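One structure is given here, and the rest of the page talks about it.
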Amino acid sequence: MSKVFSSAAEAVADIGSGATLAVGGFGLCGIPDALIEAIAATASTGLEVFSNNCGVDDHGLGILLSQGRIRRVTASYVGENKEFARQYLSGELEVELTPQGTLAERLRAGGVGIPAFYTPAGVSTPVADGGIPWKYSTDGSTVEIASPPKETREFNGRTYVLEEGIRADFALVHAKLGDTAGNLVFEKSAMNFNPLAAMAGTITIAQVENLVEPGEIDPGAVHLPGIFVQRIVHTGPQDKRIEKLTVSDAEGARQ
């Protein structure tokens with residue numbers, strides 16, 4: 006059966022309400038924007054997302070967020086999205102914040118069948134001790150759901166905290182180059198989280214800028230083997246967005 010789908014809409018058609026999604030990208034670099042926009046055109050809601058960040062107000066995952074499609078987010082950075090902050094503080098959105106490296110390893114662990122692992126990141130902080138607000142009440146005055154304490158254990162005189170691997174129903178990723186067998190090549194910072202998110206998905210959907218036949222990619226250049234990818238959409242060149250624009254006046258003063 007061919008892995009190539011004719012459109013992003015066809016590739017995401019069975020992502021229903023309540024699905025869990027591992028989404029690649031870093032800031033606005035390497036995000037699967039065409040796949041996200043295709044989901045936005047469906048009626049799916051109550052989605053749970055695992056991603057480094059949640060886009061910006063009008064782009065990437067921020068589109069689904071602004072439409073009220075996302076129920077819960079596990080992320081490490083959310084500072085560029087005002088709507089994200091508003092929904093979280095008003096009790097509309099459940100949020101699990103986790104250290105960035107821990108999130109990356111949780112995705113990788115889920116992808117290779119490791120249910121949990123120990124890490125020193127977060128020991129002796131609320132990450133391990135619990136109490137981080139996951140969800141506020143709708144009036145924003147009280148914490149409705151707080152993070153539970155996690156198991157800790159000592160190895161060679163040092164304390165570590167147990168973190169669980171992540172598996173998602175679907176993974177959405179963006180690649181610079183892919184072949185019809187699903188082998189992918191990512192460009193520069195798009196390597197951040199895209200391969201890991203792809204590994205964590207039960208069904209991984211890749212949008213690729215350039216699509217070639219098997220054998221046309223040097224095996225040594227493959228970043229993610231096709232065994233992790235079930236669906237491919239050829240979307241062409243990506244519209245590059247600047248996450249934060251900084252300019253200078255004639256005298257070099259920052260604006």
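Converting from the sequence shown to the working numbering requires adding 5 to each position, the first position being numbered 1.
C-beta atoms are modelled at their ideal positions from N, C-alpha and C, and glycine is treated no differently.
Since the structure is predicted, the reported quantities are computational estimates derived from the model, not experimental observations.
- The distance from the Cβ of Ala202 to that of Val178 is about 6 Å, consistent with a contact at the 8 Å cut-off.
- Contact annotation: the stretch 41-61 touches the stretch 10-21, with at least three C-beta pairs closer than 8 Å.
- Ala180 has its alpha-carbon roughly 19 Å from the corresponding atom of Val54.
- Between Ile68 and Ala45, the gap from beta carbon to beta carbon is short of 7 Å.
- In this structure, Lys155 is the residue among Lys155, Ala39, Ala173 with its C-alpha nearest to the C-alpha of Tyr165.
- Assignment of Thr107 by DSSP, reduced to helix, strand and coil, places it in the helix class.
- Shown here for Ala43: same chain residues with a beta carbon closer than 6 Å to its own, the five before and five after excluded, namely Ala13, Ala14, Val17 in chain order.
- Along the length of the stretch 46-76, whole alpha helix (DSSP H) runs at least 4 residues long occupy 66-71, reported in chain order.
- With a threshold of 16 other beta carbon atoms within 10 Å, Lys245 falls short and is exposed.
- Comparing alpha-carbon positions, the option among Asp144, Ile171, Asp38, Pro138 lying closest to Leu108 turns out to be Ile171.
- Taking the C-beta atoms as reference points, Val61 is found no nearer than 7 Å to Glu97.
- Where Asp174 is concerned, the enclosing beta strand (DSSP E) starts and stops at 173-184.
- In the structure shown, Asn188 falls within a coil segment according to DSSP collapsed to helix, strand and coil.
- Within its own chain, the residues whose Cβ lies closer than 6 Å to the Cβ of Gly115, once the five positions on either side in sequence are excluded, are Gly170, Ile171, Arg172, Ala205, listed in chain order.
- The way I'd put it, the stretch 220-236 does touch the stretch 179-196; three or more beta-carbon pairs between them come closer than 8 Å.
- A distance of 7 Å or more separates the beta carbons of Ala195 and Ile237.
- In the DSSP assignment, Tyr123 falls within the beta strand (DSSP E) that extends over 121-124.
- As computed with DSSP, Phe160 is found in a beta bridge with Arg163.
- Taken atom to atom, the span from the alpha-carbon of Val78 to that of Ile119 is near 22 Å.
- A direct Cα-Cα distance of roughly 16 Å separates Val148 from Val132.
- Taking all protein chains in view, the Cβ of Arg111 is crowded by 16 or more other Cβ atoms within 10 Å, so the residue is classified as buried.
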